[in-house]
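Same order as they appear, the protein sequences are chains A and B.
Quick note on numbering: my numbering labels position 44 of the first sequence as 44, and the sequence is numbered without any gaps.
Count along the second sequence from 1, then add 1000; that gives the number in my numbering.
Beta carbons: idealized from backbone N, C-alpha and C, even for Gly.
Everything on this sheet refers to the single structure shown next.
2 protein chains.
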Amino acid sequence: MPDLAQRYDLRAELARRGVRLTRQRRVLVEVIQHATRHLDAEALWRQGQARDANLNLATVYRTLALLKQHGLVDELDLMHLEGEKHYYEVSRAQSHLHLACFRCGRIEEFQTEEFEKLQQLVEQTCGFAIKTGRLEFGGVCRQCRERA
Amino acid sequence: MPDLAQRYDLRAELARRGVRLTRQRRVLVEVIQHATRHLDAEALWRQGQARDANLNLATVYRTLALLKQHGLVDELDLMHLEGEKHYYEVSRAQSHLHLACFRCGRIEEFQTEEFEKLQQLVEQTCGFAIKTGRLEFGGVCRQCRERA
DNA sequence: GTATTTGCAAAAGCTTTGCTGCAAC
DNA sequence: GTTGCAGCAAAGCTTTTGCAAATAC
Chain A
1 MPDLAQRYDL RAELARRGVR LTRQRRVLVE VIQHATRHLD AEALWRQGQA RDANLNLATV
61 YRTLALLKQH GLVDELDLMH LEGEKHYYEV SRAQSHLHLA CFRCGRIEEF QTEEFEKLQQ
121 LVEQTCGFAI KTGRLEFGGV CRQCRERA
Chain B
1001 MPDLAQRYDL RAELARRGVR LTRQRRVLVE VIQHATRHLD AEALWRQGQA RDANLNLATV
1061 YRTLALLKQH GLVDELDLMH LEGEKHYYEV SRAQSHLHLA CFRCGRIEEF QTEEFEKLQQ
1121 LVEQTCGFAI KTGRLEFGGV CRQCRERA
């Protein structure tokens, strides 16, 4: 998960919107902001508990719902590589896509101008105002192909 | 759901692959093939029951798993507009994307050469062999924008 | 006749909700 | 002091699984 710089600053964005910053929200926002891989709700919960042992999984879900509503985190499926969980990441100014390798399970990110252009094309052609989007591919990554 | 012509012929494809064509599979394949909107497992089940009253929901899921394995149907989330269900559609030669309107709930499809090109770019740049993919946007459709 | 598939019911996995007490401002 | 949030436990919803009986070839 590169390009930390262009991710939103969750804490600042919440403050800017006048959202109450409770202890649990501060903890979770901290965990999500500095995640080094894609985390599901349970992983966020476990990492959050390191900072607040009483943190509850329901609170994790409620906080994620809040962040999603404000467009500050994106929810991913990652091609359902490991069941039906969802994964979360901080939204970015530039959109990017995800590649899920069916063989090794690795998740790759890829950012390209062409994806931005495609979105603009959709907005213009369909008259559709895009609020959020998700592009995921499943297949076999370079390493696994070379290994085979 | 236009362009019925370019969708795979499920029954023929299964026969071609030597997959056993049971009564239930025939019924379900028929339902999916001629669906006029995106159906979730329960909707498929209800429509299938019209043709075989004993059809079981578990069989629906097992058949969908089979079709997915063979790359004959695609699984969609449609931006989780109505909970966490999945929707299914017959795969096509040309890929297309889905637009989900958060206001009216309508699902639009859009096919463009640019999406194909983006996939080729990803394959070439990342060395990733794409087996399946999914591009979904959530936002506000033209009608809802004009109405507002 | 043999191997697969089905129905049924139960379980599993992830997420949401009702309620009471606690925390934020 | 008021308003909204957190914890807990229970329920909800979609999907999967084990197993005996039925079906396909």
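Against chain B, does Arg134 of chain A count as a neighbour if the rule is that its beta carbon must be under 8 Å from one of theirs? yes
inquiry  = Closer than 8 Å is the cut-off here; do at least three beta carbon pairs connect the region 1049-1069 of chain B with the region 1105-1117 of chain B?
reply    = no
What's the call for Gln1047 of chain B, buried or exposed, on a 16-neighbour Cβ count within 10 Å?
buried
Thinking just about the alpha-carbon of each residue, which of A:Lys68, A:Ile130, A:Arg23 is nearest to the one in Val1140 of chain B?
A:Ile130
**Asked** What is the DSSP secondary structure of Thr1022 of chain B, counted as helix, strand or coil?
**Response** coil
Assuming Glu42 of chain A contacts His98 of chain A under a Cβ cut-off of 8 Å, what Cβ separation, rounded to an integer in Å, is found between them?
About 20 Å separates the two Cβ atoms, so there is no contact after all.
request  = Look at Leu10 of chain A and Val27 of chain A and say whether their C-beta atoms are less than 8 Å apart.
outcome  = no
Label Arg147 of chain A either buried or exposed according to how many other C-beta atoms from any shown protein chain fall within 10 Å of its C-beta, with 16 as the threshold for buried.
exposed
Notebook entry, point to check: Leaving out the 5 sequence neighbours to the left and right, which residues in its chain are closer than 7 Å to Lys1068 of chain B when beta-carbon positions are compared?
Noted result: Glu1075
Is the shortest distance between the beta-carbon of Thr1059 of chain B and the beta-carbons of chain A less than 8 Å? no
Tell me whether the beta-carbon of His96 of chain A lies closer than 8 Å to the beta-carbon of Arg17 of chain A. no
Neighbourhood of Tyr1008 of chain B by C-beta, 6 Å cutoff - its chain only, sequence neighbours within 5 removed: Leu1072, Val1090, Ser1091
Q) Straight-line CA distance for Ala12 of chain A to Arg23 of chain A? A) 15 Å
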